[in-house]
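Chains as they are written, first to last, in my numbering: chain A, 36 to 336; chain B, 429 to 879.
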Amino acid sequence: MSAAAPPLSHRKAPKWLPYLLVSPTLVIVLVFTAWPTVQAVYMSFFRQYLNFAKFRTPTFIGLHNYRELFTSPDFLQVLKNTAIYVAGTVPASIVLAFLFALLVNRAVKGIGLARLGFFYPTILPMVSAATIWMFFFTPDYGLFNSLLETLGYHGPENWLGNPHLALLAVMIVAIWKNAGYLMIFYLAGLQNLPEDVFEAASLDGASWWTQLWKIAFPLLRRTTLFVSTIAIIDAFQVVDHIFVMTQGGPSGASTVLLYYLWQVRFEDQNVGLASALTVVLIVIMLAITITNFVLSEREGA
Amino acid sequence: MSLKQRVFSLAVLLLVLGLALAACGSKATSTPAPAATQAPAATEAPAATAAPKPVTIEVYYPVAVDAPIAKILNGYIADFEKANPNITVKPVFSGGYGDVKTTIQTTIEGGGKPPVLAVMLAADLYDLVNAGYVVPLDDFIKAMPNGSAYINDFFPAFMANSRYDGKIWSIPFQRSVVALYYNADLFQQEGIQPPNSWQALAEAAQKLTIPNKRWGIEWPSGWPYWLFQPLAIGSGQNIVKSPTEVVFNDPKVIAAVQYYIDLSHKYQAMPEGVQKNWGNAPADFAKGAAAMIVHSSGSLSGILSQAKFKVGVMAVPGKAPGTYATVTGGGNFYMLKGATPEQQQAAWKFIEFITQPKYAADFSIQTGYIATRKSAYDTDAMKAYIAKVPQAGQLKDMLQYAGAELSCMNLGKVRNIFHKYLQAAYNGQMTPEEAMQKAQQEADKALEMFK
Numbered sequence: 036m037s038a039a040a041p042p043l044s045h046r047k048a049p050k051w052l053p054y055l056l057v058s059p060t061l062v063i064v065l066v067f068t069a070w071p072t073v074q075a076v077y078m079s080f081f082r083q084y085l086n087f088a089k090f091r092t093p094t095f096i097g098l099h100n101y102r103e104l105f106t107s108p109d110f111l112q113v114l115k116n117t118a119i120y121v122a123g124t125v126p127a128s129i130v131l132a133f134l135f136a137l138l139v140n141r142a143v144k145g146i147g148l149a150r151l152g153f154f155y156p157t158i159l160p161m162v163s164a165a166t167i168w169m170f171f172f173t174p175d176y177g178l179f180n181s182l183l184e185t186l187g188y189h190g191p192e193n194w195l196g197n198p199h200l201a202l203l204a205v206m207i208v209a210i211w212k213n214a215g216y217l218m219i220f221y222l223a224g225l226q227n228l229p230e231d232v233f234e235a236a237s238l239d240g241a242s243w244w245t246q247l248w249k250i251a252f253p254l255l256r257r258t259t260l261f262v263s264t265i266a267i268i269d270a271f272q273v274v275d276h277i278f279v280m281t282q283g284g285p286s287g288a289s290t291v292l293l294y295y296l297w298q299v300r301f302e303d304q305n306v307g308l309a310s311a312l313t314v315v316l317i318v319i320m321l322a323i324t325i326t327n328f329v330l331s332e333r334e335g336a
Numbered sequence: 429m430s431l432k433q434r435v436f437s438l439a440v441l442l443l444v445l446g447l448a449l450a451a452c453g454s455k456a457t458s459t460p461a462p463a464a465t466q467a468p469a470a471t472e473a474p475a476a477t478a479a480p481k482p483v484t485i486e487v488y489y490p491v492a493v494d495a496p497i498a499k500i501l502n503g504y505i506a507d508f509e510k511a512n513p514n515i516t517v518k519p520v521f522s523g524g525y526g527d528v529k530t531t532i533q534t535t536i537e538g539g540g541k542p543p544v545l546a547v548m549l550a551a552d553l554y555d556l557v558n559a560g561y562v563v564p565l566d567d568f569i570k571a572m573p574n575g576s577a578y579i580n581d582f583f584p585a586f587m588a589n590s591r592y593d594g595k596i597w598s599i600p601f602q603r604s605v606v607a608l609y610y611n612a613d614l615f616q617q618e619g620i621q622p623p624n625s626w627q628a629l630a631e632a633a634q635k636l637t638i639p640n641k642r643w644g645i646e647w648p649s650g651w652p653y654w655l656f657q658p659l660a661i662g663s664g665q666n667i668v669k670s671p672t673e674v675v676f677n678d679p680k681v682i683a684a685v686q687y688y689i690d691l692s693h694k695y696q697a698m699p700e701g702v703q704k705n706w707g708n709a710p711a712d713f714a715k716g717a718a719a720m721i722v723h724s725s726g727s728l729s730g731i732l733s734q735a736k737f738k739v740g741v742m743a744v745p746g747k748a749p750g751t752y753a754t755v756t757g758g759g760n761f762y763m764l765k766g767a768t769p770e771q772q773q774a775a776w777k778f779i780e781f782i783t784q785p786k787y788a789a790d791f792s793i794q795t796g797y798i799a800t801r802k803s804a805y806d807t808d809a810m811k812a813y814i815a816k817v818p819q820a821g822q823l824k825d826m827l828q829y830a831g832a833e834l835s836c837m838n839l840g841k842v843r844n845i846f847h848k849y850l851q852a853a854y855n856g857q858m859t860p861e862e863a864m865q866k867a868q869q870e871a872d873k874a875l876e877m878f879k
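Now the structure itself:
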C-alpha cells in the first residue's frame, strides 16, 4: 500500500458490511412488524377467547373465523362504513389542504397567523379535538348547529345520535383535523416551484386559473401522491375521535375497521376473530400501498 | 485490512450492537414496569419473627371521575402506612375503568406481574374470574374475627356483583346508583308532586316542557344499558337473570323500551332518538334547560354546586303506581393472582382499613359516591353531612329499589349486542319488539358456548 490511503469510495468494503449496516432496521422490522403479522395470520386459524378458561387454549378451526367475518352483517356494515369514511375524508382533506396552501402561500401581512389558524388543529391531540367537537355538535345550542341554522339548515341536529349523521360527524372532525397537516406539504411544494415557468405562462397570457390547474397542480403531482398515501393510512389508523364521540354508535353506524378490531379484541376478548380482522386490514392496506406504488412508478417514468 | 479499516469496521459493529441492545432495551421496558417495583419485598431475607417483614403492594386505580381521587386516596394510604409501618402501598392512578382493566390484561397476557390490588368495575366480575386474573377473598374473610358481620355490613345491592361460583371475589368501594334528578322549585311552581309511576313521570315531563326552551326530561342513551335498566326493573323484569342468561325479549322489557320512546314521540317531553348528552345533561339541568334528568348519583355534587334551585333526587318511578327502581354501578376492589402470601395479607389489611366506616363515610362526603357500608351512615361525620345535604341520604335510601347491573359471561359482546338493538329501537330503525327479539337471539348465541 502506498503512503496515501485511497479515497474511501475506492476501497473494497468487506462483503458482510452492507448486511451488517441494514441489520438493525431489518431486526426491528422483523421483530415489530413481520413477526406480529405472521402471528396474526397463524392465530386467525384458531379459536381463542381470553375471558373463559375453556377457550383460553387455542384450538385450530381452519377458516372458521373468516367465514364468521364475511357472513356477519356487522362486519359488512363495518366495511361499508370504512369505505365511506376513507373515500369521504381523504379527497376532501387533500382538496382543502391544497386550497389552504394556496391561500397562505402569499407574502401578506399577518399571513403567519392564518397559517397558524389552519395548522392549529394538527397540534391539538385528537381526543381534545373530539371533545371540543362534541360540544359543537350538541343539539339545540351547539355551535355547529347554530352556524348551520344561520345558513338556512333546519334538518336533524342530533349529529352523534342519528344513525344517518354519526359517520358524517366523525368524518367532518377528521377532515378538519387533517387538512391543516396536509397543507404543510403543499405549502412546501408550492414554495419550491420554479418561478420562471409561471413567468413564461403569464407572458403567454395564461390566466391564474389555467396556471393553477395546468402548471402548479401537475408539478405538485409527487406531493399529491405522498399526501394521498399518508392521508389514506391515517384514515385507516386514527379512530381516537370515534372512541370519544360515538363509541362506534348509534347501532354501529360509525364503527370503522380499526375500532371494530379493538372491540373484538379487547371487549369481546376474541383473539382468533381479531387476528382474522387484522389480516383483512393488512391485506387492504397492502393492496392500497402497492397500487399507489405502481401508479407513482408509472407516472414517474 | 488496514488498521483504519479495522477500526472503522469495529466502530460499525459496535454501533450495530448498540442499536440492537437499544432495541432490546426498549422492548424490555415496554412490558409494564410493575414487576420490578415488587422485587424488594420478595427478596427480603427472613427477618426475626418479632418484627413483621416489610411488604410492598401496588394498587391500580381509575381516576377518570369528578372528584380529586388521587389526593383523597393518598391521604388514606398515608394513614394506613402509619398504622402498618411494615407495609408500603404504591398507588398507580390511570385513566378510566377500561384503562385499568386493559393494563392488567396486557400485563398478565404478556407474562408480567400484575398489581396486588385493583379497583375495577363490579360488573366485570365474570370476565375477570373466567380469565383467571383474580383470586377469591373467602379465606381472608373467614380469617377475620367477625368476617360475616363485615360482609353483611355492606349494602346487599352493592354485593350483588361480588359473588360467583359460591365465592366472594370483590369488595365494594366506589359505588353509585341511577337517580332521577328533578327541579323541585319548578315542581312546586307548577303544583306537580314527585312522580310515583311511569304515567305520572310522563305527564310531569310533558307539563314542564317548553318547546325550544326547556325539555321535560333528558335521559342519555349514547351508552345506554345502564340508564335503561331502571326502566326494565321498574317494568318488572331486569335484563339479566344469571351469568349465562339475559332477558331482552320479555314483553315487560319491550314495554320499557316503548316507554322511553313514548317520552319523546307521544309526550314530546324528551329529545328524540339516541341522546348523546351524558356530559351535557347535568349542566342542562343545572341551567334550567331540562326540568328532570336521569343520571348517575355521582353527579350530585356537581349539580348541587351549579344549580340555583332546590334539587330533588329520587329513584326512577316504576310502571305500577308506588313502585320505584334503580340499578347499581361503579367499582370494587379485586385481588389479582401472582402475589406472595405476605403481599396478599397486606392487601387484605388495606381493603379492611380503607372500607372502615370512617373512611367509607369520608370518601362518600368528598366524592359524592354512596358509602358502601351501612355503619358508615352511623358516623357523626356522615350524619352532619346528610343534615346539610339531605339528597345524599336520599340516594342511599334508593338502594332498597336497586336491581343488579348487567353482568354476565362474555359481557363485552353481550353489552354491545344490547346497545346495538336498543339504539336501533330508540332511533326508530326497528320496532321495540323486533329489536329486542333480535338482541335476544344474538345474545343467546354469544352466551351459548359459555354455558
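Even glycine gets a Cβ: it sits at the ideal position worked out from N, Cα and C.
- [ ] Identify the continuous alpha helix (DSSP H) that holds residue 785/B and give its terminal residues.
- [x] Residue 785/B sits at position 357 when you count from the first residue of the second sequence. Residue 785/B -> alpha helix (DSSP H) spans 785–795.
Task: Sequence-distant residues of its chain with Cβ nearer than 8 Å to residue 694/B (five each side left out) - done: Along the second sequence, one-based indexing puts residue 694/B at 266. The residues are 630.
Open item on the list: When you compare the CB positions of residue 875/B and residue 668/B, do they come within less than 8 Å of one another, or not?
Closed with: As a working note, residue 875/B is residue 447 in the second sequence. As a working note, residue 668/B is residue 240 in the second sequence. In this structure, residue 668/B does not lie closer than 8 Å to residue 875/B by Cβ.
Task: Completely contained alpha helix (DSSP H) runs for the stretch 691–776 of chain B, where each covers 4 or more residues - done: Whole alpha helix (DSSP H) segments, 4+ residues: 709–714 and 728–734.
- [ ] Please list the residues of the stretch 689–703 of chain B that have a C-beta atom closer than 8 Å to any C-beta atom in chain A, keeping them in chain order.
- [x] 699, 700, 701, 702 and 703
TODO: Consider the Cβ of residue 878/B: report whether some Cβ of chain A lies at a distance smaller than 8 Å.
DONE: Residue mapping note: residue 878/B aligns to position 450 of the second sequence, counting from 1. With 8 Å as the cut-off, residue 878/B counts as an interface residue toward chain A.
Task: Proximity test, Cβ basis, 8 Å: residue 106/A and chain B - done: Looking up residue 106/A in the first sequence gives position 71. Output row for residue 106/A: interface = no.
- [ ] Per DSSP, which residues does residue 84/A bridge with? Please list them.
- [x] In the first sequence, counting from the first residue as 1, residue 84/A sits at position 49. In the DSSP output, where bridge partners are listed per residue, residue 84/A has 305/A.
Task: Short-range partners of chain A found in the stretch 496–512 of chain B, where Cβ spacing is below 7 Å - done: none
Open item on the list: Just verifying my parser: in three-state terms, what is the DSSP assignment at residue 611/B?
Closed with: For this step, residue 611/B is matched to residue 183 along the second sequence. Of the three classes helix, strand and coil, the one that applies to residue 611/B here is strand, per DSSP.
Open item on the list: For the stretch 171–190 of chain A against the stretch 281–288 of chain A, do three or more pairs of beta-carbon atoms, one drawn from each stretch, fall closer than 8 Å, so that the two count as touching?
Closed with: no
Open item on the list: Can you check whether the C-beta of residue 806/B is within less than 8 Å of a C-beta belonging to chain A?
Closed with: Sequence index remark: in the second sequence, residue 806/B carries index 378 (1-based). Chain A, which has no Cβ nearer than 8 Å to the Cβ of residue 806/B, makes this no.
Task: The alpha helix (DSSP H) enclosing residue 813/B, as first and last residue numbers - done: For the purposes of this step, residue 813/B is taken as the residue at position 385 of the second sequence. It spans 808–816 - the alpha helix (DSSP H) in which residue 813/B sits, taken as one unbroken run.
TODO: At 7 Å on the CB atoms, spell out the chain A contacts of residue 651/B, in chain order.
DONE: For the purposes of this step, residue 651/B is taken as the residue at position 223 of the second sequence. 282, listed in chain order.
TODO: Let me know if residue 344/A comes out buried or exposed under the rule of 16 or more other beta-carbons within 10 Å of its beta-carbon.
DONE: Summary: the structure shown does not reach residue 344/A, with chain A confined to residues 36 through 336, and so no result is reported for it.
TODO: Below 7 Å between beta carbons is the criterion; list the residues of the stretch 510–535 of chain B that meet it against any residue of chain A, in chain order.
DONE: 530
Task: CB contact check: residue 275/A to chain B, cutoff 8 Å - done: In the first sequence, counting from the first residue as 1, residue 275/A sits at position 240. No, because no Cβ of chain B sits closer than 8 Å to the Cβ of residue 275/A.
Open item on the list: Under 8 Å, Cβ to Cβ, is there at least one residue of chain B near residue 74/A?
Closed with: Residue 74/A sits at position 39 when you count from the first residue of the first sequence. With 8 Å as the cut-off, residue 74/A does not count as an interface residue toward chain B.
- [ ] Closer than 7 Å by beta-carbon distance: list the chain A residues that pair up with residue 847/B, in chain order.
- [x] Looking up residue 847/B in the second sequence gives position 419. Chain A residues near residue 847/B: 284.
Open item on the list: Please classify residue 873/B as buried or exposed, where buried requires at least 16 neighbouring CB atoms within 10 angstroms.
Closed with: What you label residue 873/B is simply residue 445 of the second sequence in a count that begins at 1. Flag for residue 873/B reads exposed.
Task: Interfacial residues, the stretch 64–96 of chain A to chain B, with Cβ spacing under 7 Å - done: 85, 86, 87 and 88
Task: residue 312/A versus residue 598/B - alpha carbon distance - done: In the first sequence, residue 312/A corresponds to position 277, counting from 1. In the second sequence, residue 598/B corresponds to position 170, counting from 1. Roughly 34 Å between the two C-alpha positions.
Open item on the list: Does residue 423/B come out as helix, strand or coil in the three-state DSSP assignment?
Closed with: Lying outside 429 to 879, the shown extent of chain B, residue 423/B is not represented and no answer is given.
Open item on the list: Bridge partners for residue 405/B per DSSP, in chain order?
Closed with: In the structure as shown, chain B starts at 429 and stops at 879, and residue 405/B therefore has no counterpart that could be examined.
Task: Distance between residue 830/B and residue 729/B (C-alpha atoms, nearest Å) - done: Within the second sequence, residue 729/B is the residue found at index 301, counting from 1. Within the second sequence, residue 830/B is the residue found at index 402, counting from 1. Their Cα atoms are separated by approximately 21 Å.
- [ ] Take residue 475/B and list the residues in its own chain whose beta-carbon comes closer than 6 Å to its own, dropping the five residues that flank it on each side.
- [x] Locating residue 475/B in the second sequence gives position 47, where the first residue counts as 1. Note that residue 475/B has pLDDT 42, beneath the 50 cutoff, so the model's placement of it is unreliable and the number below is only indicative. These residues qualify, in order along the chain: 481.
Task: Start-to-end residues for the beta strand (DSSP E) that takes in residue 549/B - done: Numbered from 1 along the second sequence, position 121 holds the residue referred to as residue 549/B. Per DSSP, the unbroken beta strand (DSSP E) holding residue 549/B starts and ends at 545–549.
TODO: Verify whether the separation of the beta carbon atoms of residue 850/B and residue 871/B is less than 8 Å.
DONE: On the second sequence, position 422 is the one that residue 850/B refers to. On the second sequence, position 443 is the one that residue 871/B refers to. No; because the gap between Cβ atoms is not below 8 Å, this pair is not in contact.
- [ ] Assuming residue 490/B and residue 544/B form a contact by the criterion Cβ under 8 Å, report the distance between their Cβ atoms to the nearest whole angstrom.
- [x] Residue 490/B sits at position 62 when you count from the first residue of the second sequence. Residue 544/B sits at position 116 when you count from the first residue of the second sequence. Incorrect: roughly 17 Å between the Cβ atoms, too far for contact.
- [ ] Within the same chain, show all residues whose beta-carbon is closer than 6 Å to that of residue 99/A, passing over the 5 residues directly before and after it, in chain order.
- [x] Numbered from its first residue, the first sequence carries residue 99/A at position 64. Closer than 6 Å at the Cβ level, and outside the excluded window around residue 99/A, lies no residue.
Task: Chain-order list of residues whose beta-carbon lies under 6 Å from that of residue 596/B (same chain, five-residue window excluded) - done: Mapped onto the second sequence, residue 596/B falls at position 168. Hits under 6 Å: 565, 566 and 590.
Open item on the list: Can you find the residues in the same chain that come closer than 6 Å, C-beta to C-beta, to residue 150/A, ignoring five residues on each side of it along the sequence?
Closed with: Position 115 of the first sequence, counted from the start, is the residue given in the question as residue 150/A. Once the five neighbours on either side are set aside, the close Cβ partners of residue 150/A are 139.
Open item on the list: I'd like to know whether the C-beta atoms of residue 113/A and residue 228/A end up nearer to each other than 8 Å.
Closed with: For this step, residue 113/A is matched to residue 78 along the first sequence. For this step, residue 228/A is matched to residue 193 along the first sequence. No, Cβ-Cβ distance for residue 113/A and residue 228/A is not below 8 Å.
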